[in-house]
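Residue numbers for the sequence shown, in our numbering: 44 to 395.
Note that the Cβ used here is the ideal one computed from N, Cα and C, for glycine as well.
Treat the numbers as computed from the prediction; the structure is a model and nothing was measured.
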Amino acid sequence: MRKLASIQTVTNIEPIPNADAIERFRVLGWTVVGKKGEFREGDRVIYCEIDSLLPERPEFEFLRAGSFKPAIVEGGQELQRAGFRIRTIKLRGQVSQGLCLPLSLLPPGVSTEPGTDVTDLLQIIKYDPPPPPGMNGKAKGPFPGFLPKTDETRIQVLQPLLEIYRGRTFFITEKLDGTSFTAFLRNGEFGICSRNLLLDENDETSSVVRLSRELDLPSRLREIETRFGVSPAIQGEIIGPGIQKNRYGLARPELHVFSLIDITRSQLVDRELMLKALASVGLRSVPQLGTVVLGHTIDELVKMAEGQSQLNPKTLREGLVFRPDTEVHEPLIGGRLSFKVINPQFLLKYDE
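Below, the structure written as structure tokens:
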């Protein structure tokens, strides 16, 4: 589970040219800009990741200038909560991702060992933008327990992986800025899901349901089941009109698949077989960008993530996703090995 706020160590401090009051810190794989002299190398701090939503409390009032009241979607119900969202910003030409806070904000007796999760203690929740209108529809229940959710972990919190898997080949795909979608066929039963919910597949008011019908996904999944001997679930992104301001300039909604899961075996289908299966039933995959032999620093991977989208060269790509050819269970992630690298220029331009 993602630690939005945790105890971490400042590993490096560097000056920022032409800046007298601020400097940059290194925490995990992140670069953070903060007040000069507030921390020293080796200090332990409370590190809050981007997309942390801090509550309106006196100790966080210094963030007031950036506060707003977003809609938070939890369990299918939209709740309003005032708060301070931590986002990617640029100060004096330096990209800053996250916030460092002093340990003095913690109550007595709390562990300050690096890695300690203090998210709940500080009443921090994840900022989730509300889904595009008409996307979710009616909920039938929570996201199915027999399927993994679609969130990838950012490489900045997985730095040890760069040494563990140095020299291993990873496939790279483009991360698309859309809305998460899952469809499955299990024991003959068809279902569709948003990021967090199982949806009513008969709700014609939902554009997700309508797209599923236009693509005739039950028939296509049955064909994959028959041809390839898997109990199939596909996961991907829906992009197009009405979704994230249609950054790709599409005339109609499109589904781009990034995972094919064999539900019976509880594992991903290997990449080559997945692409073959998708092509055989006329489904699109996310853009495939080739391979890389891992041997990079985090900064080099972030630089690699910059650039334009394969779907529309006028649009910055959101980032990259890295996966080995076959499924590997990674204890640091608590599941299948994969990670994402987000393009900071995309966040600066589009992350409103």
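N- and C-terminal bounds of the beta strand (DSSP E) containing residue i
| i | result |
| --- | --- |
| E232 | 232-236 |
| T216 | 212-218 |
| I167 | Looking at the DSSP string, I167 is not in any beta strand (DSSP E), and its letter there is neither H nor E. |
| T131 | It is not in any beta strand (DSSP E) - T131 carries neither H nor E in the DSSP assignment. |
| V75 | 73-78 |
| Q51 | 48-58 |
| G184 | 182-185 |
| T137 | Reading the sequence as shown, one finds Gln at residue 137 and not Thr. First-last of the beta strand (DSSP E) with Q137: 137-139. |
| E66 | 65-70 |
| L142 | 142-144 |
| R87 | 87-91 |
| P98 | 95-98 |
Residue interval of the alpha helix (DSSP H) (run including residue i)
| i | result |
| --- | --- |
| P323 | With the sequence shown as reference, residue 323 is identified as Ser, and Pro is not the correct amino acid for it. Element bounds for S323: 314-323. |
| L204 | 204-207 |
Residue-chain proximity (residue i, chain D), Cβ-Cβ < 8 Å
| i | result |
| --- | --- |
| L316 | The structure shown contains no chain D; it is built from a single protein chain. |
Cβ-Cβ separation, residue j to residue i (assumed contact under 8 Å), whole Å
| i | j | result |
| --- | --- | --- |
| Q140 | R67 | So it is not a contact: roughly 11 Å between Cβ atoms. |
| I65 | K79 | 6 Å |
| L326 | R263 | 6 Å |
| L298 | L254 | 6 Å |
| Q30 | T193 | Since the first residue shown for the chain is 44 and the last is 395, residue 30 is missing from the structure and cannot be characterised. |
| R87 | L146 | 6 Å |
| V384 | G210 | Not a contact, Cβ separation roughly 18 Å. |
| T162 | A48 | 5 Å |
| Y291 | S328 | About 15 Å separates the two Cβ atoms, so there is no contact after all. |
| A276 | A322 | At roughly 18 Å, the Cβ-Cβ gap does not stay under 8 Å, so A276 and A322 are not in contact. |
Residue j beta carbon less than 8 Å from that of residue i
| i | j | result |
| --- | --- | --- |
| T216 | V345 | no |
| A182 | L228 | no |
| Y208 | L96 | no |
| L224 | V251 | Looking at the sequence provided, one finds Phe at residue 224 rather than Leu. Cβ atoms of F224 and V251: closer than 8 Å. |
| Q202 | G85 | no |
| I286 | T358 | no |
| P187 | C236 | yes |
| T131 | L293 | no |
| I50 | T159 | yes |
| F233 | E247 | no |
| V273 | D305 | yes |
| N372 | L205 | What sits at residue 372 in the sequence shown is His, not Asn. Against a cut-off of 8 Å, the Cβ pair of L205 and H372 comes out as no contact. |
| N386 | R366 | no |
| F389 | G362 | yes |
| E102 | L149 | no |
| V53 | V70 | yes |
| I129 | D94 | yes |
| E99 | A125 | yes |
| L242 | S249 | yes |
| I281 | A320 | no |
| I341 | Q199 | yes |
| A62 | R107 | no |
| R265 | G283 | no |
Any non-hydrogen atom of the ligand COA within 7 Å of residue i CB
| i | result |
| --- | --- |
| L332 | Looking at this structure, you won't find the ligand COA or any other ligand, since it has none at all. |
Report task. Identify every run of the alpha helix (DSSP H) within the segment 281-306, keeping only runs that are complete inside it and at least 4 residues long; order them along the chain. Result -> Here no run is fully enclosed.
Report task. For the segment 331-390, list the beta strand (DSSP E) runs that are entirely contained and at least 3 residues long, ordered along the chain. Result -> Inside the segment 331-390, DSSP marks whole beta strand (DSSP E) runs of 3 or more residues at positions 331-336, 362-366, 382-385, from first to last along the chain.
Requested in this report: May I have a chain-ordered list of the alpha helix (DSSP H) segments no shorter than 4 residues that lie completely inside the segment 222-277?
Outcome: Listed in chain order, they are 250-257, 260-271.
Query raised in the report: Are at least three pairs of beta-carbons, each pair with one atom in the segment 325-341 and one in the segment 217-225, less than 8 Å apart?
Result: Under the Cβ criterion (8 Å, minimum of three pairs), the segment 325-341 counts as touching the segment 217-225.
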